[in-house]
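A.B. asks:
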Amino acid sequence: MYDAGITPTGGQLEGLIGRLVARLDQLGRPVLWAISLVGIALFGALDFFTGTEASFALFYLFPVALASWWLGVRAGIVASVLSAIAWHLANAGQQYSTAFMPVWNASIRLAFFLVVTLLLVRLHDMLAREKALARLDY
């Protein structure tokens with residue numbers, strides 16, 4: 001397969017992600033909050049302007065994951081709620097068979113984001129614990 005240097009290879013992609021993670025590790029909480037909130041607003045706006053045909057679920061996960069991993073469970077929950085609200089508002093013009101369906105969809109979206117939040121926070125805590133235990137001598 002021909003690669004003109006545009007598509008990163010596995011090692012290059014890992015290096016790029018590693019540099020991004022290292023950079024995010026250096027940022028303060030207010031900056032991380034701002035990035036997360038701007039991301040939610042940006043994806044909400046894009047979701048609104050593309051209409052109801054295109055799903056943006058995956059994109060909302062980026063600010064939710066950022067808040068969950070670097071800011072903790074409370075921030076992840078806030079980002080999850082804001083993402084569910086943004087997604088709901090972006091699709092507010094959609095016609096439903098009953099008035100209950102928008103509430104149902106918003107609840108399912110919120111549950112989806114909350115599951116991701118709780119899993120990421122738990123994984124982050126487990127990795128931190130493993131790293132601390134690895135430094136102990138027995």
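For the sequence shown, our numbering assigns the number 1 to the initial residue and increments by one for each residue that follows.
Virtual Cβ for every residue (Gly too), placed ideally from N, Cα, C.
On a predicted model such as this, the values are computed, not experimentally measured, just so you know.
#1: Checking 8 Å against the spacing of the C-beta atoms, do L110 and S80 come in under that value?
#2: Suppose contacts are defined by Cβ-Cβ distances below 8 Å. Is S83 in contact with P63 by that definition?
#3: Ordered along the chain, which non-local residues of its own chain (more than five positions away) have a Cβ less than 8 Å from that of A132?
#4: Can you tell me whether V38 is buried or exposed? The criterion is at least 16 other CB atoms within 10 Å of its CB, across all chains shown.
#5: With a threshold of 6 Å on Cβ separation, who are the neighbours of G5 within its own chain once the five nearest residues in sequence on each side are excluded?
#6: Starting from the Cα of L61, find the closest Cα among F112, H124 and F100 and give me that residue.
#7: Nearest by alpha-carbon distance to L27: which of L16, L66, W104 and T50 is it?
#8: Pull up the distance between the alpha-carbon of L136 and that of M126, whole angstroms please.
#9: Which value, in whole angstroms, describes the spacing of the CA atoms of F56 and A90?
#10: Distance check for S107 and V115, CA to CA, integer angstroms please.
C.D. replies: Walking through what the data contain:
#1: yes
#2: yes
#3: none
#4: exposed
#5: Unreliable placement is indicated for G5, whose pLDDT of 48 sits below 50; no coordinate value is reported for it.
#6: F112
#7: L66
#8: 16 Å
#9: 10 Å
#10: 12 Å
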